[in-house]
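The structure under discussion appears below in the form of structure tokens.
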Amino acid sequence: MKKDSKIWVAGRHGLVGSAIIRNLEKDGYTNIINHEKDYKFDSSRQYAYDLRDAEHVYELYKKYDPEYVFLAAAKVGGIGMNNNQSGEMIYNNLLIQTNVINLAHKCDVKKLMFLGSSCIYPKLCPQPIKEEYLLTGELEKTNIGYAVAKIAGLTMCEMYRKQYGSNFISAMPTNLYGYGDNFHLENSHVLPAMIRKFHEAKLANTKMVELWGSGTPKREFLFIDDLAEGLIYLMDNYDEEGIINVGTGEDVSIQELAEIIKKVVGYEGQIMWDASKPDGTPRKLLDVSKINNLGWKAKTSLEDGVKKTYTWFQKNYNDKNTRL
Ligand SMILES: NC(=O)c1ccc[n+]([C@@H]2O[C@H](COP(=O)([O-])OP(=O)(O)OC[C@H]3O[C@@H](n4cnc5c(N)ncnc54)[C@H](OP(=O)(O)O)[C@@H]3O)[C@@H](O)[C@H]2O)c1
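Residue numbers (our numbering): 124 to 447.
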């Protein structure tokens, strides 16, 4: 990308999209499309451009003519949402990605990046997870709708490359966290949900915090600005067919994570584990040697990332735009 290339980040208000924009701006990119700037508010529309609607997406491509597209718009949630809204997960994600990818091809976009996720690898695949393990075993049942949609998206990028020569790539981020995350107690991911629980327990002076599952599964967490930096690096340095993992290459148990968050928040009560709630995949750690060999490595430690996120959360706790 040149500093004045036209770049469209789909999902600009999301955790990932906002971090990509923040990092592009920091790196001096001057031509980032803001497709909401000249949109006149229409109460019948949920989005300025609803990416589930091919006509909206076509209109957007024609109007702004992006050269580079980061596809960070999606319907995303934690175990609860994946399980309870599985129909919406598959429907929304299939439509969004099909429209954005297909019309990128039709409108001659130079390069597009699609985002998969570490949670779409087989439930019990060997650890750490190499890119070639995708589709080698049974998927995790709780997020099958989301996973099948994501697998369709990255396959679509590969097939468009094969048939039309499109430079469409797919990155596989691990679990993410950071500024602007979703802190809803049931529909969010484990790390932001824990930050909120410990924070509110500290404010209310509660003696005990109950957390989902046994606490034994191990997970990897990547700070959002590290991810954004990695994705921009891939946009500039990776032009191949295969998917590529983006993570830290290090994992912690959910219990260890809870202890870190408890300490950062300054909560002094007890933790109780509700083992009747589902744990999900026992371990999920990405093998990041491919991206490391390409020249990129994550730099923020988990404790530092949690501190930054908690500082942001405290500042924005009462803001109406914070997803609580
Ligand atoms: N978060 C993670 O831990 C994680 C891990 C691995 C991969 N990823 C991938 O990263 C990508 C972004 O995830 P995220 O965590 O940034 O999710 P997010 O915070 O929920 O952001 C997604 C964005 O997409 C927008 N969006 C959803 N439906 C739309 C539609 N029909 N039209 C227009 N915009 C729409 C959302 O707007 P509204 O909020 O207004 O609906 C939101 O701004 C996804 O592809 C996800 O699979 C995320």
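The C-beta atom is built at its ideal place from N, Cα and C for all residues, glycine as well.
I'd like the span of the beta strand (DSSP E) that includes P296, first residue to last.
Per DSSP, the continuous beta strand (DSSP E) segment holding P296 begins and ends at F291 to P296.
Measuring only from the beta carbon, is S240 closer than 6 angstroms to any heavy atom that is part of ligand 1?
Yes, since a heavy atom of ligand 1 falls inside the 6 angstroms radius drawn around the Cβ of S240.
Might you give, ordered along the chain, the residues of its own chain that have their beta carbon closer than 8 angstroms to the beta carbon of D410, omitting 5 neighbours on each side?
Counting only Cβ-Cβ distances below 8 angstroms, and skipping sequence neighbours, we find P251, I252, K253, E254, N368 and G372.
S241 and T297 - do their beta-carbons sit closer together than 7 angstroms?
It is a contact, given that the beta carbons lie within the stated cut-off.
Ligand 1 heavy atom lying under 6 angstroms from the CB of N298
Yes, the beta carbon of N298 sits closer than 6 angstroms to at least one heavy atom of ligand 1.
Short Cβ contact (7 angstroms threshold) for N154 with D127:
A contact, by the Cβ cut-off of 7 angstroms.
Nearest candidate by alpha-carbon position, reference M395, set L334, I414, K285 and G260:
Of L334, I414, K285 and G260, the residue nearest in Cα terms is L334.
Considering only the alpha carbon of each residue, which of F291, Q169, L247 and Y440 lies closest to E323?
The shortest C-alpha to C-alpha distance from E323 to any of F291, Q169, L247 and Y440 is the one to Y440.
Selection from K186, G151, L217 and K185 that minimises the alpha carbon distance to V199
Ranking K186, G151, L217 and K185 by Cα distance to V199 puts L217 first.
So does D410 have its beta carbon nearer than 6 angstroms to some heavy atom of ligand 1?
Because no heavy atom of ligand 1 lies under 6 angstroms away, the Cβ of D410 does not count as near it: no.
Less than 7 angstroms between C-beta atoms, sequence neighbours within five positions excluded: which residues of the same chain meet that for A381?
For A381, the CB contacts under 7 angstroms within the same chain, skipping 5 residues up- and downstream, are M317, L334, G338 and I394 in chain order.
W396 in three-state terms, based on DSSP:
Reduced to three states, the DSSP call for W396 is strand.
Closest by C-alpha distance to S289, when choosing among D231, E263 and R319
The shortest Cα separation from S289 among D231, E263 and R319 belongs to D231.
Looking at the unbroken alpha helix (DSSP H) that takes in A133, where does it start and where does it end?
From DSSP, A133 is part of no alpha helix (DSSP H) but of the beta strand (DSSP E) over I130 to A133.
What I want to know is whether the C-beta of A197 ends up closer than 6 angstroms to one or more non-hydrogen atoms of ligand 1.
Yes, since a heavy atom of ligand 1 falls inside the 6 angstroms radius drawn around the Cβ of A197.
Whether I219 touches L277 by CB criterion (7 angstroms):
7 angstroms or more divides the Cβ of I219 from the Cβ of L277.
Is T259 buried or exposed, if buried means 16 or more other CB atoms sit within 10 Å of its CB?
The residue in question, T259, is exposed, as its Cβ has fewer than 16 Cβ neighbours within 10 Å.
Return the chain-ordered ranges of every alpha helix (DSSP H) run that is complete within the segment 234-293 and spans a minimum of 4 residues.
The DSSP assignment places complete alpha helix (DSSP H) segments of no fewer than 4 residues inside the segment 234-293 at 267-287, in order along the chain.
Between R319 and the rest of its own chain, which residues show a CB-CB distance below 6 angstroms, the 5 nearest in sequence each way excluded?
Around R319: F306.
Proximity below 7 angstroms, CB of L174 to CB of V223:
Yes, they are a contact pair.
For I355, list the residues DSSP reports as bridge partners.
Answer by DSSP bridge pairing: none, since I355 is not bridged.
Cβ-based burial, S424 [other Cβ within 10 Å; buried from 16]
Per the 10 Å Cβ criterion, exposed.
Helix, strand or coil for F436 per DSSP?
Residue state for F436 is assigned as helix, using DSSP reduced to three classes.
Helix, strand or coil: which one does DSSP assign to F321?
Helix.
Classification of T265 by the beta-carbon crowding that lies within 10 angstroms, buried from 16 upward:
Counting the other CB atoms within 10 Å of its CB gives T265 a total of 16 or more, which places it among the buried residues.
C-beta atoms of G370 and L354 nearer than 7 angstroms:
The criterion of a C-beta distance shorter than 7 angstroms is not satisfied by G370 and L354.
Just to confirm the assignment, what range does the alpha helix (DSSP H) spanning L183 have?
Element bounds for L183: A177 to Y187.
Give me the Cα-Cα distance between K385 and G301, rounded to the nearest whole angstrom.
Straight-line measurement puts the Cα of G301 at about 16 angstroms from the Cα of K385.
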